[in-house]
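Protein chains in written order, with my numbering: chain A, 1 to 279; chain B, 280 to 558; chain C, 559 to 837.
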Amino acid sequence: MLTLASDFGSPYPAAMRAAVRQYSDCEILDVAHDFPRQDVRTAAFWLREVLPYAPAPAVHCAVVDPGVGSDRAAVALRVGEHALIAPDNGLVVPAARRLRERMPAAGSGLRGVDPSPDGDEISAVAEPAAIEAFEIAVDDPASSTFHGRDVFAPAAALIHERGVASMETCSFLDPVDEFVDLQFPVPIERGDGADGEVLVVDGFGNAITNVPGDLLDGRDRIRVDGTAWPVADHYAAVDVGDGLVTVGSHGNVELAVNRGRGADRFEVGVGDDVAIRFS
Amino acid sequence: MLTLASDFGSPYPAAMRAAVRQYSDCEILDVAHDFPRQDVRTAAFWLREVLPYAPAPAVHCAVVDPGVGSDRAAVALRVGEHALIAPDNGLVVPAARRLRERMPAAGSGLRGVDPSPDGDEISAVAEPAAIEAFEIAVDDPASSTFHGRDVFAPAAALIHERGVASMETCSFLDPVDEFVDLQFPVPIERGDGADGEVLVVDGFGNAITNVPGDLLDGRDRIRVDGTAWPVADHYAAVDVGDGLVTVGSHGNVELAVNRGRGADRFEVGVGDDVAIRFS
Amino acid sequence: MLTLASDFGSPYPAAMRAAVRQYSDCEILDVAHDFPRQDVRTAAFWLREVLPYAPAPAVHCAVVDPGVGSDRAAVALRVGEHALIAPDNGLVVPAARRLRERMPAAGSGLRGVDPSPDGDEISAVAEPAAIEAFEIAVDDPASSTFHGRDVFAPAAALIHERGVASMETCSFLDPVDEFVDLQFPVPIERGDGADGEVLVVDGFGNAITNVPGDLLDGRDRIRVDGTAWPVADHYAAVDVGDGLVTVGSHGNVELAVNRGRGADRFEVGVGDDVAIRFS
């Protein structure tokens, strides 16, 4: 499988898909092409949440590239049976790190479903895999303003054809020791709660923080920036239009409104601090 | 074939597609993921219009789910060779009912094209099929806020692998006698016209009513809420910017503007009453 | 491969895909379904930029059709191993013309990659291919307001199954000598620059003109409508928020802003004249 993701909107991604087809008949899965324009951090968050669900082996091609045409490098990371192709700006690094963990398989909660021989987990490697890095060598890196079509998609397709395990043999890949990292801000744990930050606002208006969801364990109310809100495990647990604090599918504390936009109700946006307190 | 539909926007549907791939290599067709948020009725209308064109056998997975995480059930309906997987809120019931009818095949108007051995029809069953229902058993239904990825997509994939005819043998399906129905409002026929309602406004701004199109047979003008409009069989029959009343591809009376938005010109929105009169 | 493109938004294109599947298991590539509504020229531009990257043989189905239901014809054009199916309004003619040229393959700039036996080019035909035209015969052309699903998609699928080389044998195709042309306006070259026009504004806000990019060769500044701007080969060559003139992936002069919207900064829209001067 080859996944494609970008902030290109439409119709540029179709040219990326066509470019893949010049080299490979592999399955193409579009992750998203409407990431906020040139917002590497938000795209990196979503790639971390989605890419690990792709069954291995998989090649992931992601392009959010404010530095296109400059001298920024292009990288190919390898984690076990996954390869991640992107500009060297940190875009796929959180996803690469997440791919080192074992994750529950989708569907493992269905009665009687044991989705994998080694027990309900995907992205599974016996030992946490290292992240190996390669630089993508381009003859004339500044020759185009559309590296998605001309560099990243063909490189991903060629790596898919060669096989993730054989990336060393690709003519256009050079092993490198370093690549640009991207770390999400870490919340500060306190005895009476945590100081966190809004990482992303999703399309429903849910404000997704960087605070791990287990902070809410066993609580039915919590204070956010001084105001108390109900804690619930699903949106419909409160009346339509009411706010709540919950744990999203990403495992983080999320500020939400049942059938409304949490970011508006909690008056927060991406990058804002949030003080979460037990009382 | 497995179809996916939701109101999830982006990038959540990519995780549903990846979840399908954990269990099945089947073809995936995305119907839409931009249904109006948590608007079950509008989504149910579109699913009814689109799903019957998918060649059988097919499994359809649709998620518009205001009650996610509450104790609402999840259902799998079967109509002939089609299975429909959804929250038990009526979302796929109009589509299931439509699948019991014989429909003209796309392309049957092309000269010399006889698309099916039994004559230009699809979704064909010798006798109108019953709607059979199963409940989807989930070990811990409240464990996730993302049932699209963790429940519905894997259930649909597993049903596809097992075969629609063998749903009885799926470990996570229990036959049930009842499921939540969803009926579109029925227009009131009158001697001088009909009293109907706007069901949906599409992306072009066309206001689609619940009034059957044959009401317009043989007429060249009709009154809507007291104003007379031309009746035409295509938009370009009137000047650019002019309003008209026509029959849409769904077979219902539609209020439209050539290259404009009918809902604005006729001053109607979803759920509004419309009085259609012959004179 | 069969490509689909339209201005239908959602969910109508899913019915087109389902209609294709009634006749063919071919791969479907969605080019775009969010072209500006009924804007044939903008869609024609993007189709010209994207379709040639699809590996041959390919059938392309495009529907932007302000005249649906009127007596406008439906056409199928053939250029080498590509077929283009569309309303007879010029929509696919620029793409057909472009398909007669040899183009660099995506990926040919990757080190060590020689993508094709005859040297780094795609859409390659030994001699520029003629454009051959067929009219699509429909039994009752006015029978539907959704020709995308009922005429164009099935016709494309049936042509794909028959083979582009055998279009003559399709029951619903009649050879014709003429079809509606669509020409983009031609810039006027001058000794001191060129007088051009904005063809398209893309989703990033870049204003794409009809002026060939080689006008900028060897220049580091240029005047647009009287104001001087830096010329650069990539957006990040200027500070964030600053304007620049560059050559886009389409090869034309483009008015842009690094991480901003060029159309706003240069105060131009689709169809506006732009006077480009060397000094």
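Using N, Cα and C, we set each Cβ at its ideal position, and we do this for glycine too.
Partners in chain B for residue i, counting only beta-carbon separations shorter than 7 angstroms
i: C:L635; result: Neighbours of C:L635 on chain B: none; closest Cβ ~17 angstroms, over 7 angstroms.
i: A:P55; result: R300, Q301
i: A:A105; result: Q301
i: A:W46; result: P290
Neighbour-count burial assignment, residue i, 16 or more Cβ in a 10 Å radius
i: C:R748; result: exposed
i: C:H591; result: buried
i: A:Q38; result: buried
i: C:Q580; result: buried
i: C:R575; result: buried
i: C:R819; result: buried
i: B:T506; result: exposed
i: A:V186; result: exposed
i: B:G475; result: buried
i: B:E533; result: buried
i: C:P645; result: buried
i: B:R390; result: exposed
i: A:I222; result: buried
i: A:I208; result: buried
i: A:T246; result: buried
i: C:V637; result: buried
i: A:S24; result: buried
i: C:G829; result: exposed
i: B:E447; result: exposed
Interface residues of chain C facing residue i [CB-CB closer than 7 angstroms]
i: A:F146; result: S807
When the options are compared against residue i, the one with the closest alpha-carbon
i: C:N540; options: C:V796, C:A620, C:F710, C:N768; result: Outside the modelled stretch of chain C, which goes from 559 to 837, sits residue 540 of chain C, for which no answer is possible.
i: A:F266; options: A:S249, A:P212, A:V198; result: A:V198
i: C:C584; options: C:L774, C:N764, C:R720, C:G771; result: C:R720
i: A:S10; options: C:A573, C:N816, C:S582, C:V759; result: C:V759
i: A:D65; options: A:E49, A:D239, A:E81, A:A44; result: A:A44
i: C:H705; options: C:V626, C:G761, C:A691; result: C:V626
i: C:V598; options: C:A695, C:V815, C:V803, C:V651; result: C:V651
i: A:L2; options: A:L215, A:A137, A:L84, A:D242; result: A:L84
i: C:V782; options: C:V832, C:H792, C:V709, C:L587; result: C:V832
i: A:D214; options: A:G193, A:W229, A:G205, A:P230; result: A:G193
i: B:F287; options: B:D309, B:V338, B:V354; result: B:D309
i: C:D697; options: B:D393, B:G522, B:V417; result: B:D393
i: C:V617; options: C:R630, C:L740, C:A634; result: C:A634
i: C:A519; options: C:V709, C:L609, C:R630, C:C728; result: It is not possible to answer for residue 519 of chain C, since the shown part of chain C is limited to 559 through 837.
i: B:N537; options: C:L562, C:I586, C:V608, C:S628; result: C:S628
i: B:G386; options: C:A695, C:A664, C:V828; result: C:A695
i: B:G388; options: C:R655, C:R707, C:I689, C:A688; result: C:R707
i: B:M382; options: B:S528, B:L495, B:F557, B:D453; result: B:S528
i: C:V578; options: B:G522, B:D499, B:V329; result: B:V329
i: B:V342; options: B:P336, B:P433, B:H361; result: B:P433
i: C:R655; options: C:P610, C:D775, C:A632; result: C:P610
Residue(s) in a DSSP beta bridge with residue i
i: C:A634; result: C:I643, C:F692
i: A:I28; result: A:L2
i: C:P770; result: C:N810
i: B:P509; result: B:R500
i: A:L244; result: A:A256
i: B:L370; result: In DSSP, B:L370 forms no bridge with anything.
i: C:R835; result: C:G751, C:R781
i: C:V621; result: C:S564
Under 8 angstroms from the C-beta of residue i: neighbouring residues of chain B
i: C:S729; result: L389, R390, G391, V392
i: A:F204; result: G288, R316
Cross-chain neighbours of residue i in chain A, by beta carbon under 8 angstroms
i: C:L587; result: A14, R17, A18, R21
i: C:M559; result: R21
Proximal residues of chain A, C-beta to C-beta of residue i below 7 angstroms
i: C:H718; result: Going along chain A, no residue has its Cβ under 7 angstroms from C:H718, so there is no contact; the nearest lies around 15 angstroms.
Residue i: contacting residues in chain C (beta-carbon distance under 9 angstroms)
i: A:V151; result: A664, G665, G667, L668
i: A:A155; result: G665, L668, V671
i: B:A542; result: Those within 9 angstroms of B:A542 in chain C number zero; the least Cβ separation is about 14 angstroms.
i: A:A137; result: L668, R669, G670
Under 9 angstroms from the C-beta of residue i: neighbouring residues of chain A
i: C:H618; result: Per Cβ cutoff of 9 angstroms: no residues; C:H618 is ~11 angstroms from chain A at best.
Interface residues of chain B facing residue i [CB-CB closer than 9 angstroms]
i: C:P624; result: Y514, A515, V519, N537, R538
i: C:D698; result: G388
Interface residues of chain C facing residue i [CB-CB closer than 8 angstroms]
i: A:S70; result: H792, A794, A795
Starting from the N-terminal side, write out each stretch of the alpha helix (DSSP H) that is 4 residues or longer and does not extend beyond the segment 316-340 of chain B. The segment 316-340 of chain B is shown to contain whole alpha helix (DSSP H) runs of 4 or more residues at 319-329, in chain order.
Every unbroken beta strand (DSSP E) inside the segment 426-483 of chain B [3 residues or more]: Under the rule that a run must span 3 or more residues, the beta strand (DSSP E) segments found entirely inside the segment 426-483 of chain B read 452-455, 467-469, 472-480.
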